[in-house]
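One structure is given here, and the rest of the page talks about it.
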Amino acid sequence: MKQLVVLSGTPGSRIATLTAALAHLASAELSLVLADADVESPVLEVVVRSRPVQQHAYEEGQRAVVDAQLCTACDQCTQVCRFGAIVRAQPSYRIDAPVCRGCAACFYQCPVHAIRMEKQRAGEWYLSDSRLGPLFHARLDAGRENSGKLISTVKQQGRLWARNTGAQLLLIVGPPGAGQPALTAAEGADLALLIADPAVTSPQDLRSILEATQQARVPALVLIEKADLNRHYTLGIEALCAEMELDVVGHVPYDLDETTAIVSGQSGMGYADNTVSRELRGSWKSIKARLR
């Protein structure tokens, strides 16, 4: 089984739609499993029109809870709480949940064991059916910090499914940006496809996401999207790739057919035979050659 992760250092790029188009090509030749590692704003499930078949709660972190019947209001817990999360609630104390960091100092300090630590629900992860293959994806609850653990859960479930079913490719769409979530998405992959679009920030965005793949020790290729919108910036991306010894596997133009395809529930590859689909076919050939 090979693992291909698609990343972009630029928020707002068409990473999900391009991944769906590549999945359309890959599924015609290989048995495929999809994993959406963007747990804060997942889009791939919409693009491929998936249908959930399994739903699982995801727990991360813990929070203190005071048992008012056991609490003697000795005040020892408030003395060790560094975050001011324990407040007076006559005749005992209570935990200010949004402030609690789950450090458990109060739990260990309480002499009558009136404080317990409870796991916290942080989101959900899913297994869904799609026209391109099984899709593992997740949704982080609003306000929860993206530590990368939910991303790791999605990838782990995808890998297990791929190994158990003999799938040949695990295709992962990563979160936008170049922070820790992107690094977590890249770890363990055989190849990374970096999506770059011609914009003022493109060189810095590309450098940042490349740093993440290098830290994860994953070789990378570059695909330039909307390559025809600004020739000056496209040339700048090409020059930067040459400087960093990165192969550019394709120049995908902007085409309204792709938007029409998404609205009609198809990938751009299955909608029309145009410059976009032809360019992506050539890109997929180069990517597949590097995965061997």
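Position one of the sequence shown corresponds to residue 0 (numbering that gives the first Met the number 0), numbered consecutively onward.
Positions of the beta carbon are idealized from the N, C-alpha and C atoms, including for glycine.
Keep in mind the model is a prediction, meaning the values are calculated, not measured.
Each of Met0, Asp254, Ala288, Ala211 was checked against the Cα of Asp227, and the nearest Cα belongs to Asp254. Listed in chain order, the alpha helix (DSSP H) runs fully inside the stretch 59-136 are 75-79, 104-108, counting runs of at least 4 residues.
In the DSSP assignment, Asp227 falls outside any beta strand (DSSP E) and carries neither an H nor an E.
Here the alpha carbons of Glu59 and Ile85 stand approximately 21 Å from one another. Between the alpha carbons of Thr164 and Leu134 lies a distance of about 14 Å.
Of Ser7, Ala15, Asp95, Leu29, the smallest CA-CA separation from Lys284 is found for Leu29. Taking a 10 Å sphere around the C-beta of Tyr107, we find fewer than 16 other C-beta atoms and assign the residue as exposed. When rounded, the separation of the alpha-carbon atoms in Arg138 and Arg50 is 15 Å.
Secondary structure of Val47 (DSSP, three-state): coil. Rounded to whole angstroms, Arg277 and Val251 show a C-alpha spacing of 9 Å. Secondary-structure assignment with DSSP links Ala27 through no beta bridge to anything. Apart from the 5 residues on each side of it in sequence, Ile14 sits with its Cβ closer than 7 Å to the Cβ of Val5, Ser7, Val172, Pro175, Ile194 in its chain, given in chain order. The alpha-carbon of Arg216 is positioned some 8 Å away from that of Glu186. Along the length of the stretch 129-203, whole alpha helix (DSSP H) runs at least 4 residues long occupy 148-164, 179-185, reported in chain order.
Asp140 is a Cβ neighbour of Gly122, given a cutoff of 7 Å. Counted as a single uninterrupted DSSP element, the beta strand (DSSP E) harbouring Ser7 occupies residues 1-7. Straight-line spacing of the CA atoms in Ala177 and Ala211 works out to 6 Å. Counting only the Cα atoms, Asp204 lies some 24 Å from Ala22.
The C-alpha of Ala27 is placed about 17 Å away from the C-alpha of Asp128. Taking the Cα of Ala25 as reference, the smallest distance to any Cα among Glu242, Val153, Leu169, Phe82 is reached at Leu169.
Beta-bridge analysis with DSSP links Val247 to Val221. Excluding sequence positions up to five before and after Cys105, its CB lies within less than 7 Å of the CB of Ala63, Cys76, Val79, Cys80, Ile85, Ile114, all in the same chain and listed in chain order.
Secondary structure note for Ser276: its alpha helix (DSSP H) is the uninterrupted segment 274-290. The C-alpha of Leu182 is placed about 24 Å away from the C-alpha of Ser282.
Residue state for Asp35 is assigned as strand, using DSSP reduced to three classes.
Ala215 carries a coil assignment under DSSP once its states are collapsed to helix, strand and coil. DSSP lists no bridge partner for Tyr253. Taking the Cα positions, Cys99 is about 22 Å away from Glu39.
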